């Protein structure tokens, strides 16, 4: 039986390439996974398109006005008076309260302005209109 010399043994090496592959896979996995974690409760509506659309991340109320004039708070049908009352109560509690209105493009412009006017009369000063990107 041959006795090996101490210098014949190779030093252990850390295999870094497989570790990089696994880290890259985990990074991609969690990036894709977080895209599906965002739960945006809305009603489908045909919004107008605009070129200069900005994404608003801190929206407290997302109100949808469908083509028939019905109002939806996120994904629940709601009456106008109830919507204004809830928004007014939330605005009193939260100074950074904001409302974004998603209106159908075939809806009468006066109906949208009427709703915004009622929000303003209730003391809500931060509101906006939603649009899809890709306009002319």
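In the working numbering, the protein residues as written are 1427 to 1562.
Note that beta-carbon positions come from the ideal geometry of N, C-alpha and C, so glycine has one too.
As the structure is a prediction and not an experimental result, all values here were calculated from the model.
Beta carbon of residue i nearer than 7 Å to that of residue j
i, j, result
"residue 1513", "residue 1527", "no"
"residue 1548", "residue 1510", "yes"
"residue 1542", "residue 1493", "no"
7 Å CB neighbourhood of residue i in its chain, flanking five on each side removed
i, result
"residue 1488", "1468, 1500, 1526, 1528"
"residue 1520", "1486"
Beta-carbon contacts of residue i that lie in its chain and below 8 Å, excluding the five residues immediately before and after
i, result
"residue 1550", "1513, 1514, 1517, 1523, 1525"
Nearest-angstrom Cα separation, counted from residue j out to residue i
i, j, result
"residue 1412", "residue 1491", "Outside the displayed range of the chain (1427 to 1562) lies residue 1412, so it cannot be described from this structure."
"residue 1440", "residue 1451", "19 Å"
"residue 1506", "residue 1497", "7 Å"
"residue 1540", "residue 1502", "21 Å"
Exposure label - residue i; buried when at least 16 CB within 10 Å
i, result
"residue 1545", "buried"
Point to revise | Start-end ranges of the alpha helix (DSSP H) lying completely within the stretch 1476-1532, minimum 4 residues | key: Taking only runs of at least 4 residues, the alpha helix (DSSP H) segments lying wholly in the stretch 1476-1532 are 1506-1519.
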